[in-house]
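The next block holds one structure in the form of structure tokens; read it before the comments.
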Amino acid sequence: MADKNRTNPIIKCSLINGNRIISIESEGEKSPRNVAVIQDGNQSVLFQANQLLTSEKVFETFGQSAEPSSIKYLVFYPTEFLPTDFMKVFGAHNLRPTIVTDAATAATWKEYSPEAEFFVIDETMQLELSPSHTLRFIRTPFFGSPNSFLAYDDTSHTIFSGDLFSCPRIPGTPDNDPLKTMAIAHERIFPSSDFLKPLIKALKKYEIDTIIPNFGPIIVKDDVRKTLDYLQTRFFYNSNILVKSSTKNRRIYDYVTLGNQVLAHLKSLYKREEILPIFQGTPITVDPETMEITGTLLPGYKLWNQLFEIIFNKKGPDWLVVLEPMVNKLSRTYNIKKPVVYQSSLITSKFENIALQSKVNYLQDNLDR
47 MADKNRTNPI
57 IKCSLINGNR
67 IISIESEGEK
77 SPRNVAVIQD
87 GNQSVLFQAN
97 QLLTSEKVFE
107 TFGQSAEPSS
117 IKYLVFYPTE
127 FLPTDFMKVF
137 GAHNLRPTIV
147 TDAATAATWK
157 EYSPEAEFFV
167 IDETMQLELS
177 PSHTLRFIRT
187 PFFGSPNSFL
197 AYDDTSHTIF
207 SGDLFSCPRI
217 PGTPDNDPLK
227 TMAIAHERIF
237 PSSDFLKPLI
247 KALKKYEIDT
257 IIPNFGPIIV
267 KDDVRKTLDY
277 LQTRFFYNSN
287 ILVKSSTKNR
297 RIYDYVTLGN
307 QVLAHLKSLY
317 KREEILPIFQ
327 GTPITVDPET
337 MEITGTLLPG
347 YKLWNQLFEI
357 IFNKKGPDWL
367 VVLEPMVNKL
377 SRTYNIKKPV
387 VYQSSLITSK
397 FENIALQSKV
407 NYLQDNLDR
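Okay, so the sequence shown: first residue is 47 according to our numbering, each after it adds one.
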């Protein structure tokens, strides 16, 4: 096994929506690692099997719970351990499942294990286990690797998400806020929120009762929507994706995407009913469902300027004050000029009043001590 010296893990077995889940917690780890098995008649499918390689005890417990001899398929994600580790452990237990993965990962497998059998998902993006039971695959590009994917079981309405939705232990994050920890983990892996948002939007079209990630708590039905909404409103950039083209003296930006990030930030702060009326009768059309810009006749930087002028005219300076930290971050990161409205005397005086009030509060706190 991969780590024979690891402290004996705590292994918990459960049945969720008909799927067998084995959660493993090792001493010092506050984020459980999950193995999942779905059954269809006398055959089963194994997901997130990395955790079975951690110790012999884990594999023994798995064997008592899931009947390894029934495993016909192993769904292998591109970010998992090297195939040699799997073949060594599975071969020792006389298991020869068909490897379900993408074409690029299958090619890597064949280099290590030419005798292995494969089901490549790229063409159909689904695996029919029986006439009434289908496993579907959804691309999650650039989450760990360009060819990443997750699996959706249309019978139990369960997503086996691999590293997506995982909540690994991150030093400095609160133990009682898994959503925040999950968001930080995603922000470290995705190039930007522009890769995450379309994926979350696509997942919202599925009926999802459970999400089983590689690491962290299992997301139950009551928390699925909250989790999707939270990740969809995140705003981060680890690349220059907002820059559509660049020359020595000029950059052209995707101002619609910039505007959508502003709307996403507003959505995280205010109710939808407060935001949508702002843009009625304006040159900017906002979709009431996605809260994104779907149409405008304003070109380039004019859209950027007009967006904030509309907000200012409808909601006054307070909303611009709330948006300013995000605007400053974009301006510093991408060398984008701040909207002209931020240079008005009214806005400037508002910021000065806030700063003055902060000083007054600070002095008052010291006097009260």
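All C-beta atoms, glycine included, are put in the ideal place defined by N, C-alpha and C. From a predicted model like this one, the values you see are computed outputs, not experimental measurements.
Restricting attention to alpha helix (DSSP H) runs no shorter than 4 residues, the stretch 148 to 219 encloses them at 149 to 158, ordered along the chain. Under the DSSP definition of a beta bridge, residue 261 partners with 79. 328 is the residue among 356, 337 and 328 whose C-alpha sits nearest the C-alpha of residue 343. In summary, residue 79 is buried, with 16 or more beta-carbon neighbours lying within 10 Å of its beta-carbon over all protein chains present.
Leaving aside the five residues that flank residue 277 on each side, the residues in its chain whose CB is nearer than 7 Å to its CB run, in chain order, 229, 232, 242 and 246. Looking at 107, 121, 140 and 106, the one whose alpha-carbon comes closest to that of residue 115 is 140. Per DSSP, reduced to three states, the secondary structure at residue 352 is helical.
Note that the C-beta distance between residue 77 and residue 83 is not below 8 Å.
Beta-bridge partners of residue 66 (DSSP): 61 and 83. Judged by DSSP secondary structure, residue 341 falls within the beta strand (DSSP E) whose first and last residues are 339 to 342.
In this structure residue 147 is buried. Its beta-carbon is surrounded by 16 or more other beta-carbon atoms within 10 angstroms.
DSSP, reduced to helix, strand and coil, places residue 382 outside both helices and strands of the structure shown, so it counts as coil. Of the other Cβ atoms in all chains shown, fewer than 16 fall within 10 Å of the Cβ of residue 160; this residue is therefore exposed. Approximately 7 Å separates the beta-carbon atoms of residue 210 and residue 259; this is inside 8 Å, confirming the contact.
Per DSSP, the unbroken beta strand (DSSP E) holding residue 330 starts and ends at 330 to 332.
If you ignore the 5 residues before and after residue 133, its C-beta comes within less than 8 Å of the C-beta of 158, 159 and 162, all in its own chain and listed in chain order.
If you draw a straight line from the Cα of residue 336 to the Cα of residue 383, it is about 27 Å long.
Per DSSP, the continuous alpha helix (DSSP H) segment holding residue 241 begins and ends at 239 to 249. Of the other Cβ atoms in all chains shown, 16 or more fall within 10 Å of the Cβ of residue 324; this residue is therefore buried. Distance check between residue 235 and each of 189, 358 and 244 places 189 closest, using alpha-carbon atoms only. Annotated as proximal: residue 151 and residue 124, with beta-carbon spacing under 8 Å. Under a 10 Å Cβ-count criterion, residue 56 is classified as exposed, with fewer than 16 other Cβ atoms of the shown protein chains found around its own Cβ. As the crow flies, the alpha-carbon of residue 194 is around 5 Å from that of residue 186.
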